[in-house]
Amino acid sequence: MFDLAYDAKHSVLLSRFSGTYSRADIELRDNAVRRFVAKNGLARGLMDFSAVDSIDVPLDLLIQRAHQPGILTGHQRVIVAPTEPAYSFNRLVAAHQLFARKAEPVLVRSVSDAFAVLRMIDPAFSPIGLDKAAHLDRVLHDALCQLTEVVRARSLDDEIVEATLQRVVGRALSAPVVGHITLSEILNVSLRSRVLRDSGIRAKCCGCRARRPLSWMSISVGRVTTYSCPACGGWILKLSQVGSTVRADASGYMIGGFEVMSRVTLDIWGVKLPKTEN
Ligand SMILES: [Zn+2]
3 MFDLAYDAKH SVLLSRFSGT YSRADIELRD NAVRRFVAKN GLARGLMDFS
53 AVDSIDVPLD LLIQRAHQPG ILTGHQRVIV APTEPAYSFN RLVAAHQLFA
103 RKAEPVLVRS VSDAFAVLRM IDPAFSPIGL DKAAHLDRVL HDALCQLTEV
153 VRARSLDDEI VEATLQRVVG RALSAPVVGH ITLSEILNVS LRSRVLRDSG
203 IRAKCCGCRA RRPLSWMSIS VGRVTTYSCP ACGGWILKLS QVGSTVRADA
253 SGYMIGGFEV MSRVTLDIWG VKLPKTEN
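In the numbering used here, the protein residues as written are 3 to 280.
Okay, here's the thing in structure tokens:
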């Protein structure tokens, strides 16, 4: 778990972690800090691990992230880690960042030491609440974690079916390639899978209540790909390409360089992805 707070007078963004420090904390916090920077500009960074009691982050993720460009580039960063295992973990983080970015965060044992390093007098942090973008990010993250498990199980089945079909009838199971981008393709990239199909994603039209797989929807292609109900014509799902730009106020799910807006809950092999529109 983590929360963010900002001291505008000293231009310091505080990230406070608690409990188990996990991969989800890293990914969701990175996204939240990118949105903060898009809205408010760069700030100095203070990461507080005082309330962390265990660390569940694979070493390869730590190294890979240290070698990516920092988000608060060129700004002072201080890490507070009073106890183990957070102290040793952050020693390793700092060493990798020094090697990769030629700049390392200052690691201290107490919050008061951190305030001294940042020359903060009477710090006043205001909490940064969970906005819609942060909420959708968490919902999407949970759904993708569940889908990873489902896809792993289904991949094995599909590979066996596919190999059998190839051997017996000489044809592949894979759906024909269509001209427009589909939601299942975007999800497959994110899940590092190739087995998900639009036919495996079901949606119930919010207008006429008909329930169909996405592969049965009408699709209009343009700057935005729109899935609509073939019965009543109401739109169900929109995919817009946004690339790597981070917007302060995204109103849909950000997946693989696309913004996904949905008017209905999607059922992806039993995993529910809630709607993004009210
Ligand atoms: Zn309909």
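For each residue, glycine too, the CB sits at the ideal point set by N, CA and C.
Note that the coordinates shown come from a computational prediction; the quantities given were computed from them, not determined experimentally.
Pairwise C-alpha distance: residue j and residue i
i, j, result
"residue 26", "residue 143", "8 Å"
"residue 75", "residue 136", "22 Å"
"residue 187", "residue 113", "45 Å"
"residue 30", "residue 192", "15 Å"
"residue 189", "residue 46", "34 Å"
"residue 146", "residue 158", "18 Å"
"residue 277", "residue 32", "24 Å"
"residue 227", "residue 271", "22 Å"
"residue 154", "residue 220", "30 Å"
"residue 222", "residue 6", "40 Å"
"residue 196", "residue 207", "27 Å"
"residue 97", "residue 38", "26 Å"
"residue 249", "residue 218", "32 Å"
"residue 246", "residue 259", "6 Å"
Range covered by the alpha helix (DSSP H) that runs through residue i
i, result
"residue 62", "61–68"
"residue 273", "Where residue 273 is concerned, there is no enclosing alpha helix (DSSP H), although the beta strand (DSSP E) it sits in stretches over 273–275."
"residue 115", "113–119"
"residue 216", "Careful: residue 216 lies outside any alpha helix (DSSP H) and carries neither H nor E."
"residue 191", "185–193"
"residue 94", "88–103"
Three-state secondary structure assigned by DSSP to residue i
i, result
"residue 227", "strand"
"residue 47", "strand"
"residue 28", "helix"
"residue 150", "helix"
"residue 2", "The structure shown does not extend to residue 2, since the chain is modelled only from 3 to 280, so the question has no answer here."
"residue 211", "coil"
"residue 206", "strand"
"residue 74", "coil"
Status (buried if at least 16 other CB within 10 Å, exposed otherwise) for residue i
i, result
"residue 240", "buried"
"residue 251", "exposed"
"residue 85", "exposed"
"residue 107", "buried"
"residue 123", "exposed"
"residue 210", "exposed"
"residue 2", "Here the chain has residues from 3 to 280 only, and residue 2 is not among them."
For residue i, the residue or residues it bridges with in DSSP
i, result
"residue 1", "Nothing can be reported for residue 1: it is not among the residues displayed for the chain, which extend from 3 to 280."
"residue 255", "262"
"residue 19", "4"
"residue 222", "228"
"residue 269", "204, 274"
Start and end residues, beta strand (DSSP E) containing residue i
i, result
"residue 79", "79–82"
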